[in-house]
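Novice: Have a look at this one.
2 protein chains.
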Amino acid sequence: MAKPSKISGFPEWLPEQKIAEDRVIALVKNIYESFGFAPIETPAVELLSSLGSKGVIDKEIFTVQRLKAEEGDKAELGLHFDLTVPLARYVAQHDHELVFPFKRYQLQKVWRGDRPQKGRFREFYQFDIDIISRNDLPLSCDAEVVTVITLVMEALQFGAYTIRINNRKLLAGLYGALGLDEAARKAAIIAVDKILKIGRDGVSKELAKIEGISEAAITTILRSTEIQCSVSDLPQRVAELSIASPLIDEGVQELVTICALMPEKAREKIRIDVSLARGLDYYTGLIVETTLDKHPEFGSVISGGRYDDLASEFTDQKLPGVGVSIGLSRLMELAFTEKLLSTAKKTPTVALITVYNEAERPMLNEVAQELRESGVSTEVFYKSPKLGKQIEYAEAKGIRYVVFVDAATRQIQVKDITTKEQVAVPSIRAWADSIRTR
Amino acid sequence: MAKPSKISGFPEWLPEQKIAEDRVIALVKNIYESFGFAPIETPAVELLSSLGSKGVIDKEIFTVQRLKAEEGDKAELGLHFDLTVPLARYVAQHDHELVFPFKRYQLQKVWRGDRPQKGRFREFYQFDIDIISRNDLPLSCDAEVVTVITLVMEALQFGAYTIRINNRKLLAGLYGALGLDEAARKAAIIAVDKILKIGRDGVSKELAKIEGISEAAITTILRSTEIQCSVSDLPQRVAELSIASPLIDEGVQELVTICALMPEKAREKIRIDVSLARGLDYYTGLIVETTLDKHPEFGSVISGGRYDDLASEFTDQKLPGVGVSIGLSRLMELAFTEKLLSTAKKTPTVALITVYNEAERPMLNEVAQELRESGVSTEVFYKSPKLGKQIEYAEAKGIRYVVFVDAATRQIQVKDITTKEQVAVPSIRAWADSIRTR
């Protein structure tokens, strides 16, 4: 027998934290569903050959193998490291059973087969939405996905936030017009992506390493990263760079259109940021990141973008998509550490019925069931010790109401632990309604 | 590029099936929470040394290892194969942070590292509740857990069902009084547990293999399995076996007490069945199984029982518990195959707003947001083809209402796809309220 201990990188919440996480999940799910995103869930594992597509076999992957596998058997399965590869495989596999545009949300754990490192999660929740279409996908979908982000951030109430959007066509157009070839453009995107971490000077040094890049190009790229503005100022600010190309115009026009398609309340919350690059290879249009103003070091809370061809590894069909991901577990850890939400409740129980003596328990169980059916989560205390013990239990678990039932008259008194007020409750249903609206 | 295919034993639902599964989950979760069970979630992995406790290393386990592990590194982690071992480890580990009695529910995938076999799940959801106490746990908790089962089965509406309960003390008392030692009693429980599969004669043959068992003992054990009755008849029926011991009395008395503590509505749904044995080693009191009358071959939908000492592998503390588990994924597969629930909806969308031309889209997005804020999940069609195409999309996804907005007057008409009725909607909020109550 050994006292069990934490496995590094595999977070595990206490009940009060899980209750808080479930509140966040319900709130996000509610917004996703209000836009018609449907839930899917894929197995924890994919074939290693699927996970290794798009060259991401470099990712740290956990393999999965039967304990009783024969000596020398090669692992064929791995835990998924994101929800994008499973989505691509799912859409390609169930192609004929899905109705397009396919709008899905997916909340699942993902795993990174890293070495244990302090502060690094090897298991965490991602909470994604994507819209996948056949052949072409209008910008209305990009606008919808960004609108969803604004609603999620408003609902979370984690303080001031900034949603920044940019467009890969704009970046490719700018860098191309400055003479960078495809490989150089990719390297420039990776360099610019680090701007928050390494600063302008750092980016400048990284850019200088790109083969064949000119001093003038570096200067213009750095100037472009200063374009952080509202969408109405964007065309003018880009024009001031004094470089032009059809791809630049297309990128600017896409951003203008996406913003125009958003409801005004959402549009007001968006900033254009030409320094936003995002590292991942597969974005081809819109890119988006969201940061909490008080926690810039945390990085992006919700991010994503558009990709022209989701499932090219699995199907001949062209399946463009746009989507974003919430790194939920990391966000919850921040919320717990920074006390961004309440973890006062260790139980869903709202009312605790006290027990004077065991003979009353069957009657109290009937009262409890009436409360439950009125929408009030209710416990009958499991034993019948002194009342003080029972009230202590309610306090320890964050149960707000303690209920006393008179066995002879069945009259009910309720004490509110937060206000210390005690009142008579003539009707359970009326009382239930009154506390639900509080 | 290869068309992806199913990995045997890892079920994957279509969106309409996942929506149906989520409805079942919400319904069960709501009942669990109404009794004050709090959610917890444990990592997918445990140390292999933890999974191997209680001798269950014999179980088929999937090991988890970094793809980049060094040659010859031994796997240290495994995917959990149930939620009971993780619960035991969790309670022992977080001991001082939990308030007892600890009532938790847990909905997670579990994995069995079997060879691929037809019809056998290697990944599936379990949906468990348990009440864990320190030192002693009153029978009120057993009564509560069985009450919860009755409410879940009522809510599922999967047809007629039978909840059978028994008590391991009663079995141990009977078998002990018949001269069986501990090893023989265990063997007898395993034999009786097979009665639905192999019948009375099969059990008789299995019992005959037990060393030192008498003909008379076999006869009496078989007679005892015929005791299938209401709780009020139990004492008389057991007395008719003409064997007595304090443990028999204790088992009978526990069953009587548990039933007395249940609300009458729940008690009426329970049958005592002395042929119920359950294979698992760790039960020490109440045992319970639930079957669908039309699908006996499916086995138990919800089952569990009481165990005296949950976490003896992890702590010196005595932690008795009582709980049950729903094998959710298997149940959903049955529900899909037997059409026990509707899978008509491929989306949470309730209303589809049609688009005549793209210029109207921003205005339609505002109407959509008003509908969403009134609680109606709403999509604006992503393009603006002929109306017929848009209505086809609603029909294909199971979206009930198609909405037409007059751009000039902003007047709204709604067509109900199921009734073909089309009506004018003067107030979005009033209409939203009216369809929510339908």
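Here the protein sequences come in this chain order: A and B. Residues 497 to 934, numbered by my numbering, are exactly what the first sequence covers, in order. Residues 497 to 934, numbered by my numbering, are exactly what the second sequence covers, in order. The beta carbon of each residue, even a glycine, is placed where N, CA and C say it ideally should be. Since the structure is predicted, the reported quantities are computational estimates derived from the model, not experimental observations.
Can a CB atom of chain A be found closer than 9 Å to the CB of Asn861/B?
Specialist: yes
Novice: When the distance is taken between beta carbons, is Pro535/A closer than 9 Å to Pro511/B?
Specialist: yes
Novice: How many angstroms separate the CA atom of Ser808/B from the CA atom of Leu633/B?
Specialist: 16 Å
Novice: Should Ala680/A be labelled buried (16 or more other beta-carbon atoms within 10 Å of its own) or exposed?
Specialist: The residue in question, Ala680/A, is buried, as its Cβ has 16 or more Cβ neighbours within 10 Å.
Novice: With a CB to CB cut of under 6 Å and the five nearest residues on each side skipped, what residues in its chain are close to Lys955/A?
Specialist: As shown, chain A starts at 497 and ends at 934. That puts residue 955/A outside it, with no answer to give.
Novice: Is DSSP giving Lys916/A helix, strand or coil here?
Specialist: Lys916/A: coil per DSSP, three-state reduction.
Novice: Taking its Cβ as the centre, do 16 or more other Cβ atoms sit within 10 Å of Gly609/B, making it buried, or is it exposed?
Specialist: buried
Novice: Shortest alpha-carbon distance to Glu736/B belongs to which of Val587/B, Val846/B, Ser720/B and Tyr852/B?
Specialist: Ser720/B
Novice: Taking 9 Å as the threshold (C-beta atoms), are Arg660/A and Thr786/A in contact?
Specialist: yes
Novice: As a quick exercise: from Ile849/B, Pro858/B and Asn662/B, pick the residue whose alpha carbon is nearest that of Glu722/B.
Specialist: Asn662/B
Novice: Can you tell me which of the three DSSP states Gly551/B falls into?
Specialist: Its pLDDT being 48, under 50, Gly551/B is placed unreliably in this model, and the value from its coordinates should be taken loosely. Helix, per DSSP.
Novice: Would you say His576/B lies against chain A (beta-carbon separation less than 9 Å)?
Specialist: no
Novice: Is the beta carbon of Val820/B less than 9 Å from the beta carbon of Ile625/B?
Specialist: yes
Novice: What residue range does the alpha helix (DSSP H) around Phe617/A cover?
Specialist: Element bounds for Phe617/A: n/a, residue is neither H nor E.
Novice: Could you tell me whether the segment 751–759 of chain A touches the segment 858–865 of chain B, using the rule of 3 or more Cβ pairs below 8 Å?
Specialist: yes
Novice: Pull up the distance between the alpha-carbon of Ile503/A and that of Leu544/B, whole angstroms please.
Specialist: In a straight line, the C-alpha of Ile503/A is about 12 Å away from that of Leu544/B.
Novice: When you compare the segment 794–807 of chain A with the segment 822–833 of chain A, are there three or more beta-carbon pairs, one atom per stretch, that lie closer than 8 Å?
Specialist: The segment 794–807 of chain A vs the segment 822–833 of chain A: in contact.
Novice: Is the segment 835–847 of chain B touching the segment 859–874 of chain B in the sense that three or more CB pairs, one from each, lie closer than 8 Å?
Specialist: yes
Novice: Look at the alpha carbon of Ala864/A and the alpha carbon of Ala762/B, and state the distance between them as a whole number of angstroms.
Specialist: 13 Å
Novice: Can you give me the Cβ contacts of Arg585/B inside the same chain, cut-off strictly under 7 Å, excluding the 5 residues immediately before and after it?
Specialist: If we look at Arg585/B and ignore the five residues flanking it on each side, its Cβ neighbours are Glu542, Ser546 and Phe810.
Novice: Using 8 Å as the threshold, is the segment 739–750 of chain B in touch with the segment 662–673 of chain B, meaning 3 or more CB pairs across them?
Specialist: The segment 739–750 of chain B is in contact with the segment 662–673 of chain B.
Novice: Quick check: the Cα distance between Tyr803/B and Leu743/B, rounded to an integer number of angstroms?
Specialist: Taking the straight line joining both Cα atoms gives about 16 Å.
Novice: What's the gap between the Cα of Asp812/A and the Cα of Ala588/A?
Specialist: Taking the straight line from one Cα to the other gives about 9 Å.
Novice: Within the 9 Å Cβ cut-off, does Trp607/B reach chain E?
Specialist: Chain labels in this structure do not include chain E; the protein chains are A and B.
Novice: Would you kindly work out how many angstroms separate the C-alpha atoms of Glu593/A and Lys893/B, rounded to a whole number?
Specialist: Glu593/A and Lys893/B: Cα-Cα distance of roughly 11 Å.
Novice: Would you kindly work out how many angstroms separate the C-alpha atoms of Thr915/B and Val898/B, rounded to a whole number?
Specialist: 12 Å
Novice: Going along the chain, which residues of the segment 529–541 of chain A sit with their C-beta nearer than 9 Å to a C-beta in chain B?
Specialist: Under the 9 Å Cβ criterion, the segment 529–541 of chain A contributes Glu529, Ser530, Phe531, Gly532, Phe533, Ala534, Pro535, Ile536, Glu537, Thr538, Pro539, Ala540 and Val541.
Novice: With Trp607/B and Arg618/B assumed to form a contact (beta carbons below 8 Å), what rounded beta-carbon distance in angstroms separates them?
Specialist: 6 Å
Novice: Apply the 10 Å Cβ neighbour rule to Lys665/B and answer buried if 16 or more other Cβ atoms are within range, or exposed otherwise.
Specialist: Looking at its Cβ environment, which holds 16 or more other Cβ atoms inside 10 Å, Lys665/B is buried.
Novice: Would DSSP call Glu785/B helix, strand or coil?
Specialist: strand
Novice: Is it the case that the Cβ atoms of Phe623/A and Leu603/A are separated by a distance below 9 Å?
Specialist: yes
Novice: Which chain B residues are close to Trp509/A, counting only those with a beta carbon under 8 Å from its beta carbon?
Specialist: Trp509/A reaches chain B at Ile536 and Glu537, counting residues in chain order whose Cβ is nearer than 8 Å.
Novice: So that I know if they touch, is there some Cβ in chain B lying closer than 9 Å to that of Met828/A?
Specialist: no
Novice: Using a Cβ-Cβ cut-off of 9 Å, state whether Arg664/A counts as contacting chain B.
Specialist: no
Novice: Does any C-beta atom of chain B lie closer than 9 Å to the C-beta of Asp518/A?
Specialist: Interface with chain B (9 Å Cβ-Cβ cutoff): Asp518/A is included.
Novice: For Ala926/A, which of Glu917/A, Ile908/A and Ile913/A has the nearest alpha-carbon?
Specialist: Ile908/A
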